[in-house]
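Chains as they are written, first to last, in my numbering: chain A, 1449 to 1660; chain B, 3 to 207. Let me begin by presenting the structure, written as structure tokens, before commenting on it.
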Amino acid sequence: MEFQSLLIIAVGAIFISNFVLERFLGICPYIGVSQKLHAAFGMGMAVIFVMSMASVVTWTIYTYLLKPSTTNIIYRLIMKGQGSPPDLTYLRTITFILVIATLVQFVEMVIQKTSPGLNRTLGIYLPLITTNCAILGVSILNIESGYGFIESLVNGFASGIGFTLALILMAGLREKLELTNVPRAMRGAPIAFILAGCMSLAFLGFTGLKIG
Amino acid sequence: MLNILTRGLYKSNPVFRLMLGLCPVLAVSSSVHNAIGMGTAVIFVLVSSNFIVSLIRKMIPRRIRIPIFIMIIATFVTIVDLLMAGFSPLLHKSLGLYIPLIVVNCIILGRVETFASKNKIIFSVADGLGMGFGFTLSLVLIASFREILGNGTWLGMQIFGSKFKPAILMILPPGAFLTIGLLMGLLHWIDHYRTVHKHVHSKAR
Chain A
1449 MEFQSLLIIA VGAIFISNFV LERFLGICPY IGVSQKLHAA FGMGMAVIFV MSMASVVTWT
1509 IYTYLLKPST TNIIYRLIMK GQGSPPDLTY LRTITFILVI ATLVQFVEMV IQKTSPGLNR
1569 TLGIYLPLIT TNCAILGVSI LNIESGYGFI ESLVNGFASG IGFTLALILM AGLREKLELT
1629 NVPRAMRGAP IAFILAGCMS LAFLGFTGLK IG
Chain B
3 MLNILTRGLY KSNPVFRLML GLCPVLAVSS SVHNAIGMGT AVIFVLVSSN FIVSLIRKMI
63 PRRIRIPIFI MIIATFVTIV DLLMAGFSPL LHKSLGLYIP LIVVNCIILG RVETFASKNK
123 IIFSVADGLG MGFGFTLSLV LIASFREILG NGTWLGMQIF GSKFKPAILM ILPPGAFLTI
183 GLLMGLLHWI DHYRTVHKHV HSKAR
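Below you can see the structure in the form of structure tokens.
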């Protein structure tokens, strides 16, 4: 039962409501970093990594710091269980964006110190990720769908995979596209959008997918 | 001054020229109603954060400017989020996730960083207004195409007779990509035509 519901979340995030093609999150890197297959792969890995981390961290912070409940840390430690638990949910946007920015910085520093190989693959893409709306998007989505800890982690990871899938497919197509004769006005971004439209159309086919 | 106000509309339109802030453009352009709501929210956030950043631009230490900008933007986004939830809950519901996501919209951080942190208050506000209106205008343009073709209506008004069969594809996600791709291509084509035209004219003279 538990496993099945996780599978539904994962398949849903990768195919049915793909982050790029159905939800329109992370369009800027999708159009910007999809010129070369190699770069697309690096970006995708970085996004999967940061998305999973961000899902876990923001979920924890929201549940134990912002949400009004008896397990709220502020309520427990500072208010000593007196009165009613504080409702800080309106600070969600500010907290999340700061946490994500800090997290990205932190991950970058750790990778630089510990693994030069990984740093070479992910290094230049990490700073770009802070302003990637997909990361904040998945954090907020976890909260609004009422996911638990494991479900948030799975959703973050699967959304990252969905993003990478779309990015790599797009990069493969664009590498082929360089050899073709595209009308002058459509070169560059316009034809990329048309391509994305066709891919999105193909992904619509997954909407009919029923699991369980 | 007038130049700062108007260049956001066509010459350096944030959506079609600078290609900034595309996620909300694609996501909320399925109806003109949503597009206007989103546009208004962005104008408010853009003008306010440009104003505040320009006001304190000499106090911000250079090295931590980006976190400070993000904090200021996030504050205004929260204000918009709460206001919209209070005054038009329906619109708030249909824009949903994309309201908090204005924080990471690259237009706002982009304008704050490249313009407001270096210019006087009045110019910064004008820049915010111009860019905001440019953004809204492109959003409404795309939404018009999608709503008319995909639903047969404009702002909820019936445009065609009852015989018209709407192309539902246009209000589904693929329609957004196709519309923006074609419009961008059209714009490039107009630009190209104009430069060629100018060239011919100057040669004839």
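Yeah, the Cβ is synthetic: ideal placement off N, Cα and C, and Gly gets one too.
Are residue i and residue j closer than 8 Å when you measure CB to CB?
{"i": "A/Ile1577", "j": "A/Ala1494", "result": "yes"}
{"i": "B/Pro175", "j": "A/Leu1469", "result": "yes"}
{"i": "B/Phe53", "j": "B/Ser119", "result": "no"}
{"i": "B/Leu24", "j": "B/Ile123", "result": "no"}
{"i": "A/Ile1464", "j": "A/Thr1612", "result": "no"}
{"i": "A/Leu1574", "j": "A/Ile1545", "result": "no"}
{"i": "A/Ile1479", "j": "A/Gly1608", "result": "no"}
{"i": "B/Gly136", "j": "B/Leu11", "result": "yes"}
{"i": "A/Ile1639", "j": "A/Leu1625", "result": "yes"}
{"i": "A/Val1505", "j": "A/Val1547", "result": "yes"}
{"i": "B/Ser33", "j": "B/Ala178", "result": "no"}
{"i": "B/Leu85", "j": "B/Gly39", "result": "no"}
{"i": "A/Leu1514", "j": "A/Thr1537", "result": "yes"}
{"i": "A/Ala1461", "j": "A/Asn1603", "result": "yes"}
{"i": "B/Leu111", "j": "B/Phe166", "result": "no"}
{"i": "A/Cys1581", "j": "A/Gly1474", "result": "yes"}
{"i": "A/Gly1490", "j": "A/Thr1569", "result": "yes"}
{"i": "A/Ala1502", "j": "A/Val1586", "result": "yes"}
{"i": "B/Leu141", "j": "B/Ala76", "result": "no"}
{"i": "B/Met21", "j": "A/Ala1637", "result": "yes"}
{"i": "A/Ala1614", "j": "A/Asn1466", "result": "yes"}
{"i": "A/Ala1633", "j": "B/Gly183", "result": "no"}
{"i": "B/Leu99", "j": "A/Ile1509", "result": "no"}
{"i": "B/Leu157", "j": "B/His35", "result": "yes"}
{"i": "A/Thr1541", "j": "B/Thr42", "result": "no"}
For residue i, I'd like the list of residues in its chain whose CB is within less than 7 Å of its CB, leaving aside the five on either flank, ordered along the chain.
{"i": "B/Leu189", "result": "Phe18"}
{"i": "A/Gly1660", "result": "With a pLDDT of 47 at A/Gly1660, under the threshold of 50, the predicted position of this residue should be treated as unreliable, and no value is reported."}
{"i": "A/Phe1597", "result": "Trp1507"}
{"i": "B/Asp83", "result": "Ile101, Pro102"}
{"i": "B/Arg113", "result": "Leu48, Asn52, Asp129, Gly130, Met133"}
{"i": "A/Gln1560", "result": "Asn1567"}
{"i": "A/Leu1652", "result": "none"}
{"i": "A/Pro1533", "result": "Pro1516, Ser1517, Thr1518, Asn1520, Tyr1523"}
{"i": "B/Ile74", "result": "Ser51, Ile54, Val55"}
{"i": "B/Asn121", "result": "Ser56"}
{"i": "A/Leu1601", "result": "Ser1500, Ser1503, Val1504"}
{"i": "A/Leu1539", "result": "Leu1514"}
{"i": "B/Asp193", "result": "none"}
{"i": "B/Leu170", "result": "Checking the displayed sequence, the identity of residue 170 of chain B turns out to be Ile instead of Leu. Hits under 7 Å: Gly152."}
{"i": "B/Tyr144", "result": "Here the sequence assigns Ile to residue 144 of chain B, which means Tyr is not the residue at that position. Answer for B/Ile144: Val27, Ser31, Thr181, Ile182, Leu185, listed in chain order."}
{"i": "B/Asn15", "result": "Gly136, Ser140"}
Closer than 6 Å by C-beta to residue i: which residues in its own chain qualify, once you throw out the five before and the five after it? Chain order, please.
{"i": "B/Lys200", "result": "none"}
{"i": "B/Pro168", "result": "Gly152, Asn153, Gly154"}
{"i": "A/Thr1543", "result": "none"}
In chain order, what residues of the same chain lie with their CB nearer than 8 Å to the CB of residue i, ignoring the 5 residues before and after it?
{"i": "A/Leu1485", "result": "Ile1616, Ala1619, Gly1620, Glu1623"}
{"i": "B/Phe162", "result": "Gly154"}
{"i": "B/Ala173", "result": "The sequence as given places Ile at residue 173 of chain B; Ala does not occur at that position. Around B/Ile173: Ser32, Ser33, Arg148, Glu149, Gly152, Asn153."}
{"i": "B/Val44", "result": "Gly23, Pro26, Ile104, Asn107, Ile109, Ile110, Gly134, Phe137, Thr138"}
{"i": "B/Lys13", "result": "Arg19"}
{"i": "B/Thr8", "result": "Gly132"}
Could you check if residue i belongs to the surroundings of the ligand FMN, using beta carbon to heavy atom distance under 7 Å?
{"i": "B/Pro16", "result": "No copy of the ligand FMN appears in this structure; indeed no ligand is present at all."}
Would you list the one or two residues that DSSP bridges to residue i?
{"i": "B/Gln160", "result": "B/Thr155"}
Which full runs of the beta strand (DSSP E) of 3+ residues lie inside the segment 78 to 124 of chain B, going along the chain?
none
Name, going along the chain, the residues of the segment 12 to 36 of chain B whose beta-carbon falls closer than 7 Å to a beta-carbon of chain A.
Met21, Leu24, Cys25, Leu28, Ala29
Going along the segment 1615 to 1648 of chain A in order, which residues come within less than 9 Å of chain B, judged by CB to CB distance?
Pro1631, Arg1632, Ala1633, Met1634, Arg1635, Gly1636, Ala1637, Pro1638, Ile1639, Ala1640, Phe1641, Ile1642, Leu1643, Ala1644, Gly1645, Cys1646, Met1647, Ser1648
Quick one: which residues of the segment 1581 to 1600 of chain A get their C-beta closer than 9 Å to a C-beta of chain B? List them in chain order.
Cys1581, Ala1582, Ile1583, Leu1584, Gly1585, Ile1588, Leu1589, Glu1592
Select from the segment 161 to 180 of chain B all residues with a C-beta closer than 8 Å to any C-beta belonging to chain A, and list them in chain order.
Leu171, Leu174, Pro175, Pro176, Gly177, Ala178, Phe179, Leu180
For the segment 66 to 86 of chain B, enumerate the residues whose C-beta is nearer than 9 Å to any C-beta of chain A, in chain order.
Ile68, Pro69, Ile72, Met73, Ile75, Ala76, Thr77, Val79, Thr80, Asp83, Leu84
Residues in the segment 1456 to 1478 of chain A with C-beta within 8 Å of chain B's C-beta atoms, listed in sequence order?
Leu1469, Glu1470, Arg1471, Phe1472, Leu1473, Gly1474, Ile1475, Cys1476
What residues from the segment 102 to 116 of chain B come within 8 Å of chain A, judged by C-beta to C-beta, listed N to C?
Pro102, Leu103, Val105, Val106, Asn107, Cys108, Leu111
So if I threshold CB-CB distances at 8 Å, which residues from the segment 1489 to 1513 of chain A count as touching chain B?
none
Along the chain, which unbroken stretches of the beta strand (DSSP E) at least 3 residues long are found entirely within the segment 1574 to 1607 of chain A?
none
Along the segment 182 to 194 of chain B, what residues have a CB closer than 9 Å to any CB found in chain A?
Ile182, Gly183, Leu184, Leu185, Met186, Gly187, Leu188, Leu189, His190, Trp191, Ile192, Asp193, His194
Please give me, in chain order, every unbroken run of the alpha helix (DSSP H) with length at least 4 that falls completely inside the segment 1483 to 1526 of chain A.
1485 to 1509
Residues from the segment 1548 to 1574 of chain A in contact with chain B, defined by Cβ distance under 8 Å:
Ala1549
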